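Protein chains in written order, with our numbering: chain W, 47 to 253; chain U, 17 to 157.
Note that CB positions come from ideal geometry on N, CA and C, so glycine has one too.
Note that the structure is predicted; figures quoted are calculated from it, not measured.
Scroll down for the structure; my scribbles are underneath it.
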Amino acid sequence: MLEYWPWWLGAIGLAAISVLNFLLVGRLLGVSGSWAKVVGWKDDRARSAELKALTEDKGEMEDALLAETLAEFGEGSLEELDDIPEGEAQLQTSSSVEQYTPWTVHLVFLLSMFVGGLLAAMLTDSFTIEFTLSPVHSKIFGDDWEVWVALLFGGVMVGFGTQMAGGCTSGHGLSGCARMIPASLIATMTFMASAILLSFLMEATLV
Amino acid sequence: MKKTLLKQYLSYAFLGLTMGFVVARIGFADYDELHKMFIFADLRMLISFAAAVVLSMIILLPFSKKIPKQHKIFQPGTIPGSMLFGFGWAVSGACPSLVFVQLGSGKLAAILTLIGIYIGVLLHKKIHARYFRWDTGSCGV
């Protein structure tokens, strides 16, 4: 029987990921967001091209704006512009430049989780290829094609539901709750309660 | 530009790897453990998760000003979406990250879950653009 980590070690591990995610990429963890990016890769490619065009056009645009300002208000207006404190101007530019993460990076993120799971199984000598999910799962759903149908429909619910709710266990549960965001607290309570309710119902059908 | 992109790849690869490993060692990829948690037969993983939330809340507190404001709003899809996700989680034992960890530990049946999630995300994308159109406040990435 495989020994899993005690609760405190798991808590430290999960919290470390949450904090590391912020320190390394500057935002909080959210896996369903990565899914949306990977599935919508065509939109992302279009946006990336747009962004590139925008930065290339920026120089041209600034020149045009300057010429327009001069024509409209005369030379005096430029001196007024210079009066704006340096810090304020800096702030404006840095906030308008959004850090862009291409969809391929998100795909690498998702696939790395597979590698992480594989590594964990290999290191604990618990890697076995199985065509069912687990003994209890087979007891509930049968041990043939029914399992696969259940998993397919379960997956569709997970995919659709997390996108509709705007987050999943990581985004709402770990990151959102840690920041005490009301929508995340509500979402987390709702999906936990739903999962608990259905699990009790499934358990009841076993007896 | 190239350098920051490489840094992004490496950072995300490292994060994914660590997360997959930790989540697998806690036992989240094991349907039996998960089911035991949902029927309150074994609270170890639930306590682990709750403690992780509290722990990261405390550690992130000093960074409050630096953390980008998360665009998580309460919208019409928050409750129905979460319910759907909860039911799907109970049935498949997978959330959007767990499915990869299940596959990593050799559970080939999770391929069906993977296909399902892909279809679900795609379906939502289409339906949302056509009918809902409200702001879902999804993890802004």
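For the pair of segments examined, the stretch 195-205 of chain W was found to touch the stretch 136-144 of chain U: the number of CB pairs separated by less than 8 Å reaches three.
Between U:Y28 and chain W, the shortest Cβ-Cβ separation is below 8 Å. At a C-beta separation below 7 Å, W:V77 has these neighbours in chain U: P112 and S113. With a threshold of 16 other beta carbon atoms within 10 Å, U:I95 meets it and is buried. Here the alpha carbon of W:G213 sits roughly 11 Å from the alpha carbon of W:C223. Against chain U, a Cβ distance below 8 Å from W:F177 picks out L124 and A125.
Taking CB atoms only, U:K19 has no neighbour in chain W less than 8 Å away. For W:E249, the neighbours in chain U by C-beta distance under 8 Å run, in chain order, H51 and I55. For U:Y47, the enclosing alpha helix (DSSP H) starts and ends at Y47 to F54. Taking a cut-off of 8 Å on C-beta distances, the stretch 54-62 of chain U touches the stretch 230-248 of chain W, as three or more cross pairs fall below it. Nearest neighbour of U:G102 by Cα position, chosen from U:H51, U:Q24 and U:R41, turns out to be U:H51.
For W:K83, same chain residues with a beta-carbon under 7 Å away, outside a window of 5 residues either side, are D90, W149 and H152 in chain order. Put simply, of W:A113, W:W87 and W:L179 the residue whose alpha carbon is nearest the alpha carbon of U:F44 is W:L179. W:E176 is bridged by DSSP to U:K123.
Rounded to the nearest whole angstrom, the CA to CA distance from U:L128 to W:V77 is 19 Å.
Taking all protein chains shown into account, W:T208 has 16 or more neighbouring C-beta atoms within 10 Å of its C-beta and is therefore buried. For U:Y147, the nearest beta carbon of chain W is not closer than 8 Å to its own beta carbon.
In the three-state DSSP reduction, U:F90 falls in the coil class, being neither helix nor strand. Take U:I89, set aside five residues on each side of it, and the residues of its chain with a beta-carbon closer than 6 Å to its own are G153, in chain order.
Under the Cβ distance rule, U:L22 does not count among the residues neighbouring chain W, no pair being separated by less than 8 Å. Taking C-beta atoms as the reference points, U:F116 and W:G163 count as a pair closer than 8 Å.
The Cβ of W:A167 sits closer than 8 Å to at least one Cβ of chain U. If you compare the alpha carbons of W:F160, W:F237 and W:S221 with that of W:N67, the shortest gap goes to W:S221.
For U:W150, the three-state secondary structure derived from DSSP is coil. DSSP, read as helix, strand or coil, puts W:V253 in coil.
Around the beta-carbon of W:G56, 16 or more other beta-carbon atoms lie within 10 Å, marking it buried. With a cut-off of 8 Å on Cβ pairs, the stretch 168-182 of chain W is in contact with the stretch 117-125 of chain U, counting three or more such pairs. By a beta-carbon distance limit of 8 Å, W:G217 does not contact W:G86. Their separation comes to about 16 Å.
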